[in-house]
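K.L.:
Under my numbering, residues 1116 to 1360 are what the sequence shown spells out, in order.
Here it is: the structure, laid out below.
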Amino acid sequence: MIEIIPAIIAEEFRELKKKIRLVEPYVDWVHIDIMDGKFVPHSTWSEPKKLKDINTNLKIETHLMILDPFKTLDDWLRAGISRVIIHWESLKLNPEGQLKKITEKVKNYKSQIPEPQRSQRGKPLFHPSLRLGRVKKRIYPLRLGVALNPETPWQEIKAFVKNLDLVLLMGVNPGRSGQSFREEILPKIKALREFSANLNIEVDGGVKPENIRKIIEAGANILVAGSAIFEARNVKMAVEELRQR
Ligand code: DX5
Ligand code: ZN
């Protein structure tokens, strides 16, 4: 199945909330871009603890364009997201060792969520952090994705692919929305698809109605789009147009 996911870059919480509300009726997932001003020049809203206040049914993935993602990983895991995506290039020292550590952490996260407490009548009383039934649904299962910049060969993470839910191939240099898709990514998508038939291959950056077909034909099954959705006059039609191509 092909999934279209709107990409949100927000300067502050209000903007994030507004954009989520805008796409909520038309999609199942939302992709939140998080930037730290170090891994990429820009910085964005980044307050995992506030995310629950949005109270949405959408599944959330956070695309962490930040250095040292391990540092804030716990906060994101607790935020009730469904998938966390880190950049392979952000793991500077001993990237293999760090990715292993991150994989373990995400895999074991489920067991760190407090068990629901039982009320006297035997009905489960959820832990305060899970007080909304729908937040709980979003937490399981939690998935890990690894993003690769356009220049990074996918073979660098070949040994890890089997442990990942998803590989995100950037179609542009990370950092901002509205850039043109780099066609040289197409053979990379194809090669990764040949290597793994079942992997989720997500493409982010420069996805438009004009090129989405090519990207899907190369082997991508999850397409992230920022400007094609948020700069359209009609968000609903923009999502439908991407779906129909
Ligand atoms: C780029 C971000 C993308 C971006 C997509 O750094 O990771 O998610 O917002 O925007 P468009 O679709 O406009 O390239
Ligand atoms: Zn992104």
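Ideal Cβ positions, reconstructed from N, Cα and C, are used throughout, including at glycine.
Run the CB neighbour count on GLU1317, radius 10 Å, all protein chains shown included, and call it buried at 16 or more, exposed below.
P.N.:
With 16 or more Cβ atoms within 10 Å of its Cβ, GLU1317 is classed as buried.
K.L.:
Please state whether the Cβ-Cβ distance between THR1093 and ASP1148 is less than 8 Å.
P.N.:
This structure cannot speak to residue 1093, because the chain is shown only from 1116 to 1360.
K.L.:
In the DSSP assignment, the beta strand (DSSP E) including MET1116 goes from what residue to what residue?
P.N.:
Counting along the chain, MET1116 falls outside any beta strand (DSSP E), and DSSP gives it neither H nor E.
K.L.:
As a quick exercise: from ARG1129, GLY1195, HIS1202, LYS1133, pick the residue whose alpha carbon is nearest that of ASN1288.
P.N.:
Closest option to ASN1288, Cα to Cα, is HIS1202.
K.L.:
Straight-line CA distance for ILE1120 to GLY1212?
P.N.:
Rounded to whole angstroms, ILE1120 to GLY1212 spans 30 Å at the Cα level.
K.L.:
Using alpha carbons as the reference points, say which of ASP1183, ARG1308, ALA1343, MET1150 lies closest to VAL1322.
P.N.:
Among ASP1183, ARG1308, ALA1343, MET1150, the Cα nearest to that of VAL1322 is on ALA1343.
K.L.:
In whole angstroms, what is the alpha-carbon distance linking ILE1196 and GLU1299?
P.N.:
Taking the straight line from one Cα to the other gives about 32 Å.
K.L.:
Look at the Cβ atom of ALA1194, then the Cβ atom of PRO1163, and state whether they are nearer than 8 Å.
P.N.:
Yes; because the gap between Cβ atoms is below 8 Å, this pair is in contact.
K.L.:
When burial is assigned at 16 or more other CB atoms within 10 Å of the CB, is ASP1189 buried or exposed?
P.N.:
The residue in question, ASP1189, is exposed, as its Cβ has fewer than 16 Cβ neighbours within 10 Å.
K.L.:
Just to confirm my understanding: we take LYS1220, look at its own chain, exclude 5 residues before and 5 after, and list those with CB closer than 7 Å. What are they?
P.N.:
Once the five neighbours on either side are set aside, the close Cβ partners of LYS1220 are LEU1188.
K.L.:
May I ask you to list the residues that DSSP assigns as paired with GLY1260?
P.N.:
DSSP output for GLY1260 lists ILE1200, LEU1281 as bridge partner(s).
K.L.:
With a threshold of 16 other CB atoms inside 10 Å of the CB of SER1295, please say whether the residue is buried or exposed.
P.N.:
SER1295 is exposed by the Cβ-count criterion.
K.L.:
Just the C-alpha distance for ASN1172 and SER1292, rounded to the nearest angstrom, thanks.
P.N.:
About 25 Å.
K.L.:
Taking DSSP as the reference, what is the three-state secondary structure of LEU1247?
P.N.:
Caution is warranted here: a pLDDT of 45 is assigned to LEU1247, below 50, making its placement in the model unreliable, and the coordinate value is therefore given only provisionally. Of the three classes helix, strand and coil, the one that applies to LEU1247 here is coil, per DSSP.
K.L.:
Just how far apart, CA to CA, sit GLY1152 and GLY1290?
P.N.:
C-alpha separation (whole angstroms): 9 Å.
K.L.:
Taking the continuous beta strand (DSSP E) assigned at LYS1174, which residues delimit it?
P.N.:
Here the beta strand (DSSP E) through LYS1174 covers 1174 to 1180.
K.L.:
Taking the straight line between their C-alpha atoms, what separation do you get for THR1177 and ALA1335?
P.N.:
Each residue's Cα considered, the two are about 19 Å apart.
K.L.:
Suppose you measure from the CA of MET1285 to the CA of PHE1275; what does that come to, to the nearest Å?
P.N.:
Taking the straight line from one Cα to the other gives about 18 Å.
K.L.:
Beta-carbon within less than 7 Å of LYS1303's beta-carbon, same chain only, minus the 5 sequence neighbours each way: which residues are those?
P.N.:
Here the set comprises TRP1269, LEU1284.
K.L.:
Mind checking which residues open and close the beta strand (DSSP E) that includes VAL1339?
P.N.:
Looking at the DSSP string, the run of the beta strand (DSSP E) that includes VAL1339 is 1337 to 1340.
K.L.:
Under 7 Å from any heavy atom of the ligand ZN, does the C-beta of ALA1122 make it?
P.N.:
Yes, the ligand ZN has a heavy atom inside 7 Å of this Cβ.
K.L.:
Can you give, in chain order, each stretch of the alpha helix (DSSP H) that sits fully within the segment 1276 to 1336 and has at least 4 residues?
P.N.:
Within the segment 1276 to 1336, the complete alpha helix (DSSP H) runs of at least 4 residues are 1300 to 1310, 1327 to 1333.
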